[in-house]
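S.K.:
Number of protein chains: 2
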Amino acid sequence: MNSSVLQAIYQRRSIREFTEREIEPEIILEIIRAGIWAPSGLNNQPWRFVIIGDKDIKEQLSRQTHYSHIIMAAQVLIAVYLDKEAMYDSVKDYQSAGACIQNMLLAAEALELGAVWLGQILKNKAEVNTILKLDDRFDLMAVLALGYPRHKEQESTRKDINEFILRD
Amino acid sequence: MNSSVLQAIYQRRSIREFTEREIEPEIILEIIRAGIWAPSGLNNQPWRFVIIGDKDIKEQLSRQTHYSHIIMAAQVLIAVYLDKEAMYDSVKDYQSAGACIQNMLLAAEALELGAVWLGQILKNKAEVNTILKLDDRFDLMAVLALGYPRHKEQESTRKDINEFILRD
Numbered sequence: 484m485n486s487s488v489l490q491a492i493y494q495r496r497s498i499r500e501f502t503e504r505e506i507e508p509e510i511i512l513e514i515i516r517a518g519i520w521a522p523s524g525l526n527n528q529p530w531r532f533v534i535i536g537d538k539d540i541k542e543q544l545s546r547q548t549h550y551s552h553i554i555m556a557a558q559v560l561i562a563v564y565l566d567k568e569a570m571y572d573s574v575k576d577y578q579s580a581g582a583c584i585q586n587m588l589l590a591a592e593a594l595e596l597g598a599v600w601l602g603q604i605l606k607n608k609a610e611v612n613t614i615l616k617l618d619d620r621f622d623l624m625a626v627l628a629l630g631y632p633r634h635k636e637q638e639s640t641r642k643d644i645n646e647f648i649l650r651d
Numbered sequence: 484m485n486s487s488v489l490q491a492i493y494q495r496r497s498i499r500e501f502t503e504r505e506i507e508p509e510i511i512l513e514i515i516r517a518g519i520w521a522p523s524g525l526n527n528q529p530w531r532f533v534i535i536g537d538k539d540i541k542e543q544l545s546r547q548t549h550y551s552h553i554i555m556a557a558q559v560l561i562a563v564y565l566d567k568e569a570m571y572d573s574v575k576d577y578q579s580a581g582a583c584i585q586n587m588l589l590a591a592e593a594l595e596l597g598a599v600w601l602g603q604i605l606k607n608k609a610e611v612n613t614i615l616k617l618d619d620r621f622d623l624m625a626v627l628a629l630g631y632p633r634h635k636e637q638e639s640t641r642k643d644i645n646e647f648i649l650r651d
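Chains as they are written, first to last, in my numbering: chain L, 484 to 651; chain A, 484 to 651.
1. Identify the contact partners of Ala609/A in chain L, using a Cβ-Cβ distance below 7 Å as the criterion.
2. Hey, Gly581/L and Gly518/A: beta-carbon distance below 9 Å or not?
3. Please go through the same chain and pick out, in chain order, the residues whose beta-carbon is closer than 6 Å to the beta-carbon of Ala569/L, but skip the five residues on each side of it.
4. Just the Cα atoms here: how many angstroms apart are Tyr577/L and Ile554/L?
5. Just confirm the distance between the C-beta atoms of Leu617/L and Thr548/L, as a whole number of angstroms; I'd bet it's less than 8 Å.
6. I need the straight-line Cα distance from Ile614/L to Tyr571/L, nearest angstrom please.
7. What residues in the stretch 598 to 622 of chain L bring their beta carbon closer than 8 Å to a beta carbon of chain A?
8. Checking the sheet assignment: what are the DSSP bridge partners for Pro632/A?
9. Indicate whether at least one CB of chain L lies closer than 9 Å to the CB of Phe501/A.
10. Taking the runs of the beta strand (DSSP E) that are 3 residues or longer, which of them lie wholly in the stretch 523 to 558 of chain L?
11. Can you check whether the C-beta of Glu592/L is within less than 9 Å of a C-beta belonging to chain A?
12. Quick one: any contact between the stretch 596 to 612 of chain L and the stretch 536 to 551 of chain L, if contact means 3 or more CB pairs under 8 Å?
13. Is there contact here, the stretch 501 to 508 of chain L with the stretch 630 to 639 of chain L, by at least three beta-carbon pairs under 8 Å?
14. Shorter than 9 Å from the beta carbon of Pro522/L to some beta carbon of chain A?
15. Do the CB positions of Arg531/A and Val563/A come within less than 9 Å of each other?
16. Under a CB-based cut-off of 9 Å, is Ser639/L close to chain A?
17. Measure the C-alpha to C-alpha separation of Ile514/A and Glu592/L and round it to an integer number of angstroms.
18. Whose C-alpha, out of Asp619/L, Ala557/L, Leu627/L, is nearest the C-alpha of Cys583/L?
19. Go ahead and label Pro522/L buried or exposed: buried means 16 or more other beta carbons lie within 10 angstroms of its beta carbon, across all protein chains shown.
20. Does Gly581/A come within less than 9 Å of chain L when only Cβ atoms are used?
21. Report the residue ranges of all alpha helix (DSSP H) runs contained in full by the stretch 599 to 625 of chain A; include only those spanning at least 4 residues, in chain order.
22. Assign Ile644/L to one of three DSSP states: helix, strand, or coil.
23. Show which residues of chain A have a CB atom less than 8 Å away from the CB atom of Met570/L.
24. Along chain A, which residues have their Cβ under 8 Å away from the Cβ of Asp651/L?
25. Who are Ile561/L's beta bridge partners in DSSP?
26. Can you list, in chain order, the residues of its chain whose CB lies under 8 Å from that of Ile506/A, leaving out five sequence neighbours each side?
27. When the distance is taken between beta carbons, is Val574/A closer than 9 Å to Leu649/L?
28. In this structure, does DSSP put Asp566/L in helix, strand or coil?
29. At least one CB of chain A closer than 9 Å to the CB of Arg495/L: is that the case?
30. Among the residues of its own chain, which have a CB less than 8 Å from the CB of Leu594/L, if the five just before and after it don't count?
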């Protein structure tokens with residue numbers, strides 16, 4: 484298990500260009516299942532999901548972000564929400580949303596999909612809720628764009644690990 | 484890679500009882516390295532870490548939470564922070580802290596360590612900063628307690644996956 488898990492963590496990249504290959508519905512469910520096995524405070528499981536494959540809805544969503552081309556190129560979008568009625572502590576619930584999203588990104592990597600975490604669209608989260616016919620009980624956390632990767636040349640960098648360690 | 488990554492996500496449990504076996508320093512660094520390969524908005528890499536193995540510091544920290552016994556039983560604690568000078572959007576930075584912590588928990592699982600994400604101690608985060616000699620530039624996100632697991636009998640549950648899917 485050791486090397487595969489660390490390999491997925493280190494090799495995962497944001498993928499923004501996808502092939503025409505469709506994603507089987509059970510693969511999407513597996514990615515959501517990975518998400519809900521994130522930890523949450525008091526095990527409150529506050530995450531909710533909307534699966535979007537419809538081209539018309541994608542077009543409407545694409546107008547809510549600078550990253551329209553990624554929204555349109557994706558085979559499937561998953562909008563990740565918090566249910567305010569399930570939340571108990573906003574900082575901890577936002578953290579748990581992040582843990583859930585990270586599990587989904589790692590599951591996508593393991594399943595040989597490409598994915599990118601889109602956050603800029605949050606500036607229009609009210610409009611996104613209108614498009615998806617959700618009321619403000621549901622707080623948009625991110626939109627994940629998914630598809631089979633057109634390439635895997637994306638690079639990323641991190642500062643030296645010692646810059647992150649304040650005390651030892 | 485497929486099954487190992489999903490297996491780590493599904494089998495990971497909060498471990499609160501540890502053996503006396505020490506954790507090698509390079510294992511702790513590997514867990515932090517996994518953390519910093521989380522995604523962050525604009526790649527701002529806002530996470531910071533304090534590694535705590537000293538018994539006296541653990542004793543002081545143990546007085547800041549109901550979970551004193553876990554703090555004292557852990558071989559090593561890692562306090563996870565956000566650097567306010569690196570933050571750009573609090574919701575997205577809290578999410579990124581959650582993604583970082585989840586990577587660390589999965590890395591611990593892959594490395595056969597046990598770990599638990601402690602959040603209740605955040606109610607005394609100012610006191611934790613005093614103990615760790617950090618000023619309020621650094622915002623405590625969680626304390627991870629780590630050690631080799633005494634057992635792996637911990638169970639966990641999730642609601643049915645369909646309860647999380649709002650629309651499809």
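By construction, the Cβ of each residue, glycine as well, lies at the ideal position given by its N, Cα and C atoms.
M.R.: Reading from the atomic positions:
1. One-based indexing of the second sequence puts residue 609/A at position 126. Residues of chain L passing the Cβ test: none, with the nearest at roughly 15 Å.
2. As a first step, residue 581/L must be located in the first sequence, where it is residue number 98. As a first step, residue 518/A must be located in the second sequence, where it is residue number 35. Taking 9 Å as the Cβ cut-off, Gly581/L and Gly518/A do not qualify as a contacting pair.
3. Residue mapping note: residue 569/L aligns to position 86 of the first sequence, counting from 1. The answer, listed in chain order, is Asn527, Pro529.
4. Counting from one through the first sequence, the residue named residue 577/L turns up at place 94. Counting from one through the first sequence, the residue named residue 554/L turns up at place 71. Straight-line spacing of the CA atoms in Tyr577/L and Ile554/L works out to 23 Å.
5. The residue you call residue 617/L lines up with position 134 of the first sequence. The residue you call residue 548/L lines up with position 65 of the first sequence. Wrong, their Cβ atoms sit about 17 Å apart, outside the cutoff.
6. Against the first sequence, residue 614/L aligns to sequence position 131. Against the first sequence, residue 571/L aligns to sequence position 88. Roughly 27 Å separates the two Cα atoms.
7. Trp600, Gly602, Leu605, Leu615, Lys616, Leu617, Phe621
8. Working through the second sequence from its first residue, we reach residue 632/A at position 149. Answer by DSSP bridge pairing, in chain order: Phe501/A.
9. For the purposes of this step, residue 501/A is taken as residue 18 along the second sequence, with counting starting at 1. By this cut-off, Phe501/A is not an interface position.
10. Counting only runs of 3 or more, we get 530 to 535.
11. Locating residue 592/L in the first sequence gives position 109, counting from the first residue. For Glu592/L, the answer is yes, since a Cβ of chain A falls inside 9 Å of its Cβ.
12. yes
13. yes
14. Residue mapping note: residue 522/L aligns to position 39 of the first sequence, counting from 1. For Pro522/L, the answer is yes, since a Cβ of chain A falls inside 9 Å of its Cβ.
15. To locate residue 531/A, count along the second sequence from 1; it is residue 48. To locate residue 563/A, count along the second sequence from 1; it is residue 80. The answer is yes: Cβ separation under 9 Å.
16. Position 156 of the first sequence, counted from the first residue, corresponds to residue 639/L. Judged by the 9 Å Cβ criterion, Ser639/L is in contact with chain A.
17. One-based indexing of the second sequence puts residue 514/A at position 31. One-based indexing of the first sequence puts residue 592/L at position 109. The straight-line gap from Cα to Cα measures roughly 19 Å.
18. By one-based count along the first sequence, residue 583/L stands at place 100. Minimum Cα distance to Cys583/L is reached at Leu627/L.
19. By one-based count along the first sequence, residue 522/L stands at place 39. Per the 10 Å Cβ criterion, buried.
20. To locate residue 581/A, count along the second sequence from 1; it is residue 98. True, the Cβ-Cβ gap to chain L drops below 9 Å.
21. 608 to 614
22. On the first sequence, position 161 is the one that residue 644/L refers to. Three-state DSSP puts Ile644/L in a helix.
23. For the purposes of this step, residue 570/L is taken as the residue at position 87 of the first sequence. Chain A residues near Met570/L: none, gap ~13 Å exceeds 8 Å.
24. Position 168 of the first sequence, counted from the first residue, corresponds to residue 651/L. What Asp651/L touches in chain A, judged by beta-carbon distance under 8 Å, is Val533, Ile534, going in chain order.
25. For the purposes of this step, residue 561/L is identified with residue 78 of the first sequence, where counting begins at 1. In DSSP, Ile561/L forms a bridge with Ile534/L, Leu627/L.
26. As a working note, residue 506/A is residue 23 in the second sequence. So the list reads Gln558, Val559, Leu596, Leu629, Gly630, Tyr631, once near-sequence residues are dropped.
27. Position 166 of the first sequence holds residue 649/L. Position 91 of the second sequence holds residue 574/A. No, Cβ-Cβ distance for Leu649/L and Val574/A is not below 9 Å.
28. As a first step, residue 566/L must be located in the first sequence, where it is residue number 83. Reduced to three states, the DSSP call for Asp566/L is strand.
29. Taking the first sequence and counting its residues from 1, one reaches residue 495/L at position 12. Closer than 9 Å to some Cβ of chain A, the Cβ of Arg495/L qualifies, so yes.
30. Within the first sequence, the letter at position 111 stands for residue 594/L. Correct list, in chain order: Ile510, Glu513, Ile514.
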